[in-house]
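Colleague: Numbering (the working numbering), first residue to last: 11 to 115. Just dropping this structure here.
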Amino acid sequence: MKYIALSEGNVVISTIIPKSERIDDSRTFLGEGFIEVEETHDSDELLNYKYDSSAEADGIKTAASFTAPGVDSSGKARWFDPTNGKLMQSTYNEGGRITGSEEVT
């Protein structure tokens with residue numbers, strides 16, 4: 011068993027490999043909003059990926075349910091904003107220094 015927790019923007023913010031599917035006598039991970047994923051994924055492999063709930067109908071999710079943020083044209087990591095799920099990247103000045111961030115459109 012392996013579970014992930016999502017931000018309000020459907021971005022993976024934590025992974026959990028519990029000893030049991032139950033948190034305690036009355037609560038389960040699925041009941042608390044965690045999503046079960048294939049155990050073949052490395053422990054933190056899906057961190058910061060975006061989850062697409064419509065990608066699969068199966069209960070245990072595979073890599074097909076997740077999108078990696080990738081890199082920008084400068085080779086720097088992009089990221090998904092955890093609050094809204096939008097894909098973001100850094101902005102640069104003419105000298106190549108990071109000056110801020112923008113949504114990827």
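By construction, the Cβ of each residue, glycine as well, lies at the ideal position given by its N, Cα and C atoms.
If the criterion is Cβ atoms closer than 8 Å, does the pair I23 and L16 meet it?
Modeller: Yes.
Colleague: Expressed to the nearest angstrom, what Euclidean distance is found between the alpha-carbon atoms of I108 and D52?
Modeller: Their backbone Cα atoms lie some 31 Å apart in a straight line.
Colleague: Across the segment 83-94 and the segment 54-64, are there enough close Cβ pairs to call them in contact, namely three or more that are closer than 8 Å?
Modeller: In short, these stretches touch, since the Cβ pair count reaches three.
Colleague: Specify, as a first and last residue, the run of the beta strand (DSSP E) that R32 falls within.
Modeller: Segment R32 to D34, the beta strand (DSSP E) holding R32.
Colleague: Sorted by chain position, which residues of the same chain lie with C-beta nearer than 6 Å to E49's C-beta, five sequence neighbours on each side aside?
Modeller: Closer than 6 Å at Cβ, skipping near neighbours: K12.
Colleague: For M98, list the residues DSSP reports as bridge partners.
Modeller: Looking at the DSSP assignment, M98 forms a beta bridge with W89 and E113.
Colleague: Quick one: what's got a C-beta closer than 8 Å to T101's C-beta in the same chain, skipping five residues either side?
Modeller: Only I108, T109, G110, S111 and E112 meet the Cβ criterion.
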